[in-house]
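Scroll down for the structure; my scribbles are underneath it.
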Amino acid sequence: MRKHRALANNPFFLSLVYCDLCRKTPKFIWKGKLLQEYRSFYEFFEHLQLTLMAPLKVLICGGGCAGPALAFWLTRLGHQVTIVERFPALRATGAQIDFREQGIATLKVMGIIDEIRAKLVDEAGVAFVDTNGKILGTVLANTSGKGAQSITSEFEIMRGDVVRILYDATKEDVKYIFNTTVESFEQDEKSVLAHFSNGTSDTFDILVGADGQGSRVRKAIGPADAPDPYRKLGIHMAYYFIPREEGDSNIRRTYQASQGRMIFRRTHNSTETQVYLILKDNSPEVSSIHRGSVEQQKEFWTQRFRGAGWQTDRFLEGMKTTENFYSQEVVQVQTDTWHKGRVVLLGDAAHCPSPFNGMGTTLGFIGAYVLAGEIQKNPENLSLAFENYDKVLRPFVDEVQNIKIGLIRRAIPDTQLGVTIIQWIAWFVCLLRIPYLISRFSSEEKAGWPLPKYPALKADN
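Letter 392 of the sequence shown, counting from 1, is numbered 474 in my numbering, and no numbers are missing.
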């Protein structure tokens with residue numbers, strides 16, 4: 083196995099094979115089909131590496147979006163991938179997410195853009211309303227195919243549909259193990275020994291922590307005196323589904339109330355409406371509510387939003403019986419350590435950006451693409467591969483995470499006067515179509531960061 087890997091990474095050997103192929107191949111074939119297949123020695127070099135290289139054995143913790151996106155690439159590079167997921171079955175649930183800028187480009191490289199398009203949510207834009215439901219202004223999605231996405235992305239989709247698309251694209255080549263977690267692991271220079279919650283153990287070349295913002299893998303590889311990775315925004319969110327009513331249109335409604343409260347209402351199918359309750363509060367008591375039971379959480383949100391106006395009574399009544407309820411504190415994950423030895427972090431486990439910039443899913447897919455590309459370039463030197471993954475991706479992550487917390491908090495007013503001011507600003511900005519103009523003429527590359535090119539990463543590999 084190691085002999086094959088050594089040959090696959092020996093430029094002299096590959097040069098000999100390349101030259102021998104050129105000499106033996108008839109000129110008309112070389113200039114035709116073969117030249118089309120390998121447009122340069124570099125591409126031929128990479129193809130031969132993939133052919134000769136012994137596969138890596140990779141364990142991914144987390145079967146959400148980022149982990150299976152990485153598995154998608156690694157299996158196409160010939161590696162053996164196992165995904166462990168703590169839920170007893172595929173967790174194809176969750177709220178509405180979206181893809182933006184470079185994330186859309188990544189979908190095209192993966193070759194799943196058509197599958198994603200087939201499941202898109204019909205959300206035409208965002209409308210700001212007052213306590214009576216009167217529309218103050220509307221920002222439509224940028225569907226021109228040019229520029230950046232607006233508040234509503236052209237690629238709005240339910241998280242569960244993305245999970246299913248990735249699962250269908252990987253289930254034949256990836257070993258999925260549900261109702262299982264990695265309890266602990268040890269590593270040395272050659273491998274990682276993982277101990278699972280089902281009592282078994284196994285050895286892998288790479289362990290990937292794609293286990294979300296509360297990542298246990300991240301905690302395990304960080305130093306004992308590591309600072310808290312959570313950048314708290316002082317904002318909390320609950321979201322859930324209620325029955326759809328006739329007036330629930332395909333334009334998302336945004337409503338501000340006093341006492342630091344905000345509500346989103348959006349629809350994703352003919353029978354369900356999504357409700358998002360957002361609360362601004364810095365107190366430790368509120369932070370602790372997310373560790374309580376679902377009943378305690380629902381009671382907390384009911385007490386804080388009772389009498390907030392608009393359709394609050396309907397939303398709180400629907401909360402009582404909903405089965406799709408989730409309550410969380412809005413945070414960012416910021417850590418200097420994305421890897422240690424043969425263990426590497428991916429997605430929210432490494433760099434959760436918070437829901438307010440709409441880049442979480444995009445970052446997860448881009449991170450999977452970059453990590454797979456760097457592993458392919460340096461399969462025999464994983465330390466270098468992980469260092470390059472960090473070097474390539476971190477500047478983009480830093481820019482994405484550079485959100486204006488003060489501006490976000492001011493958009494969730496404490497007083498009725500503050501609500502009135504925000505509503506007036508929303509009316510004026512929408513009247514001048516400022517959001518549309520900004521998105522229409524902005525770059526499709528967020529932060530001016532071009533998606534790296536990895537010739538070996540092609541959907542048809």
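C-beta atoms are modelled at their ideal positions from N, C-alpha and C, and glycine is treated no differently.
In the DSSP assignment, D270 forms no beta bridge with any residue. L275 sits in a strand when the DSSP states are folded into three classes. Residue pairing by DSSP places I345 opposite Y337 and L359 in a beta bridge. Counting C-beta atoms within 10 angstroms of its own C-beta, T403 has fewer than 16 neighbours from the protein chains shown and is therefore classed as exposed.
Close CB contacts of D180 within its chain, under the 6 Å cut and outside five residues either way in sequence, are with S235, F237, E238 and G440 (chain order). A straight line joining the alpha-carbon of N364 with that of R491 spans about 11 Å.
Residue range P366 to S370 is occupied by the alpha helix (DSSP H) that includes V368.
Per DSSP, the continuous beta strand (DSSP E) segment holding P325 begins and ends at Y312 to P325. Put simply, of F260, G429, D395 and D204 the residue whose alpha carbon is nearest the alpha carbon of T443 is G429. Taking each of R300, L514, S297 and A493 in turn and checking the Cα distance to T336, the smallest one comes out for A493. Uninterrupted alpha helix (DSSP H) stretches at least 4 residues long and entirely within the region 123-208 occur at 123-134, 148-158, 184-192 and 195-200, given in chain order. Judged by their CB atoms, V452 and V290 are not nearer to each other than the 9 Å cut-off. The criterion of a C-beta distance shorter than 9 Å is not satisfied by P150 and F260. Around the beta carbon of G329, a 10 Å sphere encloses fewer than 16 other beta carbons of the protein chains shown; the residue is thus reported as exposed. Runs of the alpha helix (DSSP H) lying entirely within the region 386-459 and spanning at least 4 residues, in chain order: 394-403, 430-433 and 442-459. When C-alpha distances from H161 are compared across I288, D250, G193 and Q410, the shortest belongs to I288. Of the other Cβ atoms in all chains shown, fewer than 16 fall within 10 Å of the Cβ of F510; this residue is therefore exposed.
The residues L189, in chain order, have a CB closer than 6 Å to that of I198 in the same chain once the five nearest residues on each side in sequence are set aside. The region 312-330 and the region 403-423 touch, with no fewer than 3 CB-CB distances between them shorter than 8 Å. Around T175, the same chain offers G242 as residues with beta carbons nearer than 6 Å, after the five sequence neighbours per side are excluded. In the three-state reduction of the DSSP assignment, L514 falls in the coil class.
G423 is the residue among L218, Q178, G423 and G193 whose C-alpha sits nearest the C-alpha of N463. Under the three-state reduction of DSSP, D255 is assigned to coil, being neither helix nor strand. Here G219 has F210, A508, W509 and C512 as same chain residues with Cβ atoms under 6 Å from its own Cβ, once five neighbours each way along the sequence are excluded. When DSSP assignments are scanned along the region 467-518, no uninterrupted stretch of beta strand (DSSP E) that is 3 or more residues long falls wholly within it. If you ignore the 5 residues before and after F382, its C-beta comes within less than 6 Å of the C-beta of I371, all in its own chain and listed in chain order.
Between H318 and E411, the CB-CB gap stays under 9 Å.
For I239, the enclosing beta strand (DSSP E) starts and ends at F237 to M240.
Per DSSP, reduced to three states, the secondary structure at D250 is helical. For I288, the uninterrupted beta strand (DSSP E) run begins and ends at I288 to G291, by DSSP. DSSP places D212 outside both helix and strand once states are collapsed to three, so it counts as coil. Rounded to the nearest angstrom, the Cβ distance from A148 to G455 is 15 Å, too far for a contact under 8 Å. With 16 or more other Cβ atoms inside 10 Å of its own Cβ, N470 counts as buried.
Apart from sequence neighbours up to five positions away, the residues of its chain that approach I504 with a beta-carbon distance below 7 Å are Q338, A493 and P495, ordered along the chain. In this structure, the CA atom of P534 is about 46 Å from the CA atom of R386. If you ignore the 5 residues before and after H421, its C-beta comes within less than 6 Å of the C-beta of F468, all in its own chain and listed in chain order.
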